[in-house]
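>
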Amino acid sequence: MKLTKTQDNDALTCCISGRLDTVTSPDLIKEITILPAEIKLLVLDFEGLEYISSAGIRAVLTAQKKMGKQGALKLRHVCPAVQEVFELTGFADILDIEK
Amino acid sequence: MATVTVPAQTEQLGRLTELLHQQLEGTSCPSKTVLALELVLEEAFVNIATHAYTQDGGRVSFSCQVDKQLGLVTLCFKDQGVPFDPLIRLEPDITLSAAERPIGGLGIYLIKKTMDKCNYAYNQGYNILTLTKRIR
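Chains A and B, in that order, are what the protein sequence lines are.
In this text, residue positions in the first sequence follow numbering that gives the first Met the number 0: the first is 0, and each later residue adds one.
In this text, residue positions in the second sequence follow numbering that gives the first Met the number 0: the first is 0, and each later residue adds one.
(1) Using CA coordinates, which residue listed in V81(A), M66(A), A36(A) is at the minimum distance from I56(A)?
(2) Contact check, I134(B) vs C28(B) under 8 Å by CB: the rounded distance?
(3) What residue range is occupied by the uninterrupted alpha helix (DSSP H) comprising R88(B)?
(4) Tell me, please, whether the CB atom of L84(A) is closer than 8 Å to any CB atom in chain B?
(5) Considering only the beta carbon of each residue, do S52(A) and L74(B) sit closer than 8 Å?
(6) State yes or no: is the beta carbon of Y108(B) nearer than 8 Å to at least one beta carbon in chain A?
(7) Nearer than 7 Å: is that true of the beta carbon of A7(B) relative to any heavy atom of the ligand ADP?
(8) Where L87(A) and K68(A) are concerned, what is the direct C-alpha to C-alpha distance, given to the nearest angstrom?
(9) Tell me whether the beta-carbon of A35(B) lies closer than 8 Å to the beta-carbon of T113(B).
(10) In terms of alpha-carbon separation, which member of N46(B), D115(B), R14(B) lies closest to R88(B)?
(11) Assign M66(A) to one of two classes, buried (16 or more other C-beta atoms within 10 Å of its C-beta) or exposed (fewer than that).
(12) Which partner residues does A1(B) have in the DSSP bridge list?
(13) At what residues does the alpha helix (DSSP H) containing A91(A) begin and finish?
(14) Apply the 10 Å Cβ neighbour rule to I33(A) and answer buried if 16 or more other Cβ atoms are within range, or exposed otherwise.
(15) Distance, Cα to Cα, S96(B) vs F90(A)?
(16) Under 7 Å Cβ-Cβ, which residues of chain B neighbour S52(A)?
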């Protein structure tokens with residue numbers, strides 16, 4: 000998994016590509032944990048993310064729970080395979096996924 | 000059919016994925032289905048690696064068989080951990096909001112939704128999980 004961050008005032012964009020699985024998800028969770036309280040908008044840009052497992056969903060849910068308290072979470076550029084996993088698990092309804 | 004036996008540790012997942020890809024070569028399995036099988040493989044293996052054994056650890060056998068004529072792939076996991084039928088677990092409530100959703104419980108749900116047939120047996124000290132899917 001490749002993760003790059005860009006901050007613009009109180010918005011942080013994390014570009015994540017590759018795979019979010021049991022091996023790589025802890026890296027995303029770590030980023031969520033250290034996310035400063037001033038960040039009001041977290042955007043997860045999944046351009047290039049080709050695979051997500053329940054471990055990855057758990058990491059995204061961790062982000063959703065945190066941002067639910069301090070702002071908002073948006074997902075962007077979700078590919079069909081990843082979208083399907085979100086839909087199967089009911090997370091497509093919970094998460095703000097940009098079309 | 001091909002089999003690989005590995006320590007029940009999540010870092011070993013790559014070896015199982017490699018075997019899956021080897022078996023699927025030349026089957027014209029759609030890439031969407033390959034990804035779905037990789038997902039099932041990860042969910043099943045991680046569950047075993049996380050829960051089957053105590054601190055001393057143990058091993059897991061993974062077998063993958065493709066029936067090209069019938070267009071079926073069968074994944075089989077065998078471990079000697081605590082007797083546990085993952086298929087009788089309660090399904091997570093997928094209608095809950097983000098705040099209410101517990102973190103976890105999705106793995107077996109994804110397996111059941113993806114595979115066409117799931118079977119569990121406990122035989123002579125082995126948990127045996129057999130999963131089948133049409134690939135064309």
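Just so it is clear, CB atoms sit at the ideal spot from N, CA and C, and this is done for glycine as well.
Just so we're clear, the structure is a prediction, and the values are computed from it rather than from any experiment.
In short:
(1) Counting from 1 along the first sequence, the entry for residue 56(A) is found at position 57. Of V81(A), M66(A), A36(A), the residue nearest in Cα terms is V81(A).
(2) Locating residue 134(B) in the second sequence gives position 135, counting from the first residue. Locating residue 28(B) in the second sequence gives position 29, counting from the first residue. With a Cβ gap of about 4 Å, I134(B) and C28(B) count as contacting.
(3) For the purposes of this step, residue 88(B) is identified with residue 89 of the second sequence, where counting begins at 1. That residue, R88(B), is in no alpha helix (DSSP H); it is neither H nor E in DSSP.
(4) Here residue 84(A) refers to the residue found at position 85 when the first sequence is read from its first residue. Residue identity check: residue 84(A) is Val in the sequence provided, not Leu. Output row for V84(A): interface = yes.
(5) Here residue 52(A) is taken as the residue at index 53 of the first sequence, counted from 1. Here residue 74(B) is taken as the residue at index 75 of the second sequence, counted from 1. Not closer than 8 Å, so no.
(6) Within the second sequence, the letter at position 109 stands for residue 108(B). Judged by the 8 Å Cβ criterion, Y108(B) is in contact with chain A.
(7) The model depicted lacks the ligand ADP and carries no ligand whatsoever.
(8) Position 88 of the first sequence, counted from the first residue, corresponds to residue 87(A). Position 69 of the first sequence, counted from the first residue, corresponds to residue 68(A). Going from the Cα of L87(A) to the Cα of K68(A) covers about 26 Å.
(9) Here residue 35(B) refers to the residue found at position 36 of the second sequence. Here residue 113(B) refers to the residue found at position 114 of the second sequence. In contact: A35(B) and T113(B) (Cβ atoms closer than 8 Å).
(10) Locating residue 88(B) in the second sequence gives position 89, where the first residue counts as 1. That would be N46(B), whose Cα lies nearest to the Cα of R88(B).
(11) Within the first sequence, numbered from 1, the residue matching residue 66(A) stands at position 67. Buried, since its Cβ has 16 or more Cβ neighbours within 10 Å.
(12) As a working note, residue 1(B) is residue 2 in the second sequence. Answer is C63(B).
(13) The residue labelled residue 91(A) in the question sits at position 92 within the first sequence. Here the alpha helix (DSSP H) through A91(A) covers 90-93.
(14) Residue 33(A) sits at position 34 when you count from the first residue of the first sequence. By the neighbour-count rule (16 or more Cβ atoms within 10 Å), I33(A) is not buried but exposed.
(15) Against the second sequence, residue 96(B) aligns to sequence position 97. Against the first sequence, residue 90(A) aligns to sequence position 91. Answer to the nearest angstrom: the Cα atoms are 9 Å apart.
(16) Locating residue 52(A) in the first sequence gives position 53, counting from the first residue. Chain B residues near S52(A): L38, E41, E42.
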